[in-house]
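Position 20 (the sequence shown) corresponds to 20 in the working numbering; numbering is contiguous.
For glycine and all other residues, C-beta sits at the position ideal for the given N, C-alpha and C.
Because the structure is a prediction, the values reported are computed rather than measured.
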Amino acid sequence: MNALNVILVLGVTFLAVFFQSTLVGFRNLFGAQPDLLPSLVVYASLTTGLGLGSAVAVLGGLWFDSLSSNPLGISIFPLFIIALVIERYRGLILRDQTYAQFMIGLAASAGAPLVVLILLLNTARVPLIGWGALWQWIVVALVGGAATPLWFAFFGWWIRKLSYDTLPESIARPNREIKRGRS
Numbered sequence: 001m002n003a004l005n006v007i008l009v010l011g012v013t014f015l016a017v018f019f020q021s022t023l024v025g026f027r028n029l030f031g032a033q034p035d036l037l038p039s040l041v042v043y044a045s046l047t048t049g050l051g052l053g054s055a056v057a058v059l060g061g062l063w064f065d066s067l068s069s070n071p072l073g074i075s076i077f078p079l080f081i082i083a084l085v086i087e088r089y090r091g092l093i094l095r096d097q098t099y100a101q102f103m104i105g106l107a108a109s110a111g112a113p114l115v116v117l118i119l120l121l122n123t124a125r126v127p128l129i130g131w132g133a134l135w136q137w138i139v140v141a142l143v144g145g146a147a148t149p150l151w152f153a154f155f156g157w158w159i160r161k162l163s164y165d166t167l168p169e170s171i172a173r174p175n176r177e178i179k180r181g182r183s
C-alpha cells in the first residue's frame, strides 16, 4: 500500500462528501443526490485491500452522516459490508476491466442505500418512502456505477504523475562471473 495512494483517497473522500452535500445542481436537475462513497469504497478495497476500504468506510460514513440528516454512524455499516465482501472475493474480481468496475460499483451503490433504509426502519426515525424513492435509488446506483471506473482512471493518473517509475532489472545476473583478458 502506497502512502501517496492513501492520502489521495482519503483526501478525495473528504472532498467528495463535502461537494455532494453542498452542490445542489445535480440534485435539482435529476431529483436525487448522488452518493460517491460506495464507489470510493470499491476503488479502495480493490486496489489496496481491507485497510483503506475500512478507513474510507468509517471516515466517509462519519463525514457523510455529519452533513446529512442521518443518525451519526448509520452509513458506516453498509460501506464496511461493501469493503468486506470485496475483500472476500477480491481474487475472483476482474479489477482491471471497466465493465467489472461498473457492475461492482453499481451493485455497491444500489446495496448501500437499501441497507441504510433497513437500518433506518429499525430505528425511531421514519424515512420517506414512495415512488420517488425508487427513482432516486436508480439514479444513485447508476451514478455510483459510472463513477467507479472514473475513480480508477483518476487515481491511476495521479499515481503515475506523482510517483517515479521503477528501473527495470538488468538482463545480466548479479552472480555471473566476468572473465577479462586472455584465457
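Annotation: the continuous alpha helix (DSSP H) that includes N5 extends over 3 to 22. Proximity to L10 across L150, V24, G31, G61 peaks at G61, based on C-alpha coordinates. Here DSSP, grouped into helix, strand and coil, assigns D65 to helix. Counting C-beta pairs closer than 8 Å gives three or more between the region 23 to 37 and the region 131 to 138, which meets the contact rule.
DSSP places Q136 inside the alpha helix (DSSP H), whose first and last residues are 131 to 162. CA-CA distance, R182 to N175, rounds to 21 Å.
C-alpha of L84 to C-alpha of R180: approximately 59 Å in a straight line. With a cutoff of 8 Å on beta-carbon distance, L59 and T22 are scored as not near each other. Sixteen is the threshold: when 16 or more other Cβ atoms of the shown chains lie within 10 Å of the Cβ of Q101, as they do, the residue is buried.
Put simply, the backbone Cα of E169 is about 39 Å away from that of L37. DSSP, reduced to helix, strand and coil, places Y89 outside both helices and strands of the structure shown, so it counts as coil.
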